[in-house]
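Numbering (the numbering used here), first residue to last: 2 to 129.
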């Protein structure tokens, strides 16, 4: 059974993008990523307005087990942060695909999404 919502695209670094328009997207971590991390205790968010290339470290997530860098899945500029995560980072564990989103971006290279995976490709990548 697929647990990855089909209305998103995925990176091999276990991030999801949900396109809001043809030039903006919401980004978060997948169910798989949050389960691997365990209880999330802190999120270091990117700078609002920050511009990141594909593959560049843009944020970090700390759990009781480990800290993990977040790699920008596409070239983009951060246009909104999920402020709720400052006080309640555990929301990522509870709702990774809805209220646990990390940030929103403006895509600076729209062709970059072509290299990402759809839900079935991501599930296959996980070996599901």
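Don't be surprised by glycine CBs; every beta carbon is placed ideally from N, CA and C.
- For the set 33, 21 and 27, the Cα lying nearest the Cα of residue 5 is the one of 33.
- Under the three-state reduction of DSSP, residue 121 is assigned to helix.
- The segment 74 to 87 and the segment 104 to 121 touch, with no fewer than 3 CB-CB distances between them shorter than 8 Å.
- The DSSP-derived three-state label of residue 127 is helix.
- Beta-carbon to beta-carbon, residue 86 and residue 93 are separated by about 7 Å, close enough to satisfy the 8 Å threshold.
- For residue 16, the uninterrupted beta strand (DSSP E) run begins and ends at 16 to 20, by DSSP.
- Secondary-structure assignment with DSSP links residue 68 through a beta bridge to 63.
- Between the alpha carbons of residue 42 and residue 110 lies a distance of about 32 Å.
- Apart from the 5 residues on each side of it in sequence, residue 90 sits with its Cβ closer than 7 Å to the Cβ of 41, 42, 43 and 44 in its chain, given in chain order.
- Distances from the CA of residue 29 to each of 97, 69 and 112 were compared; the closest alpha carbon is that of 97.
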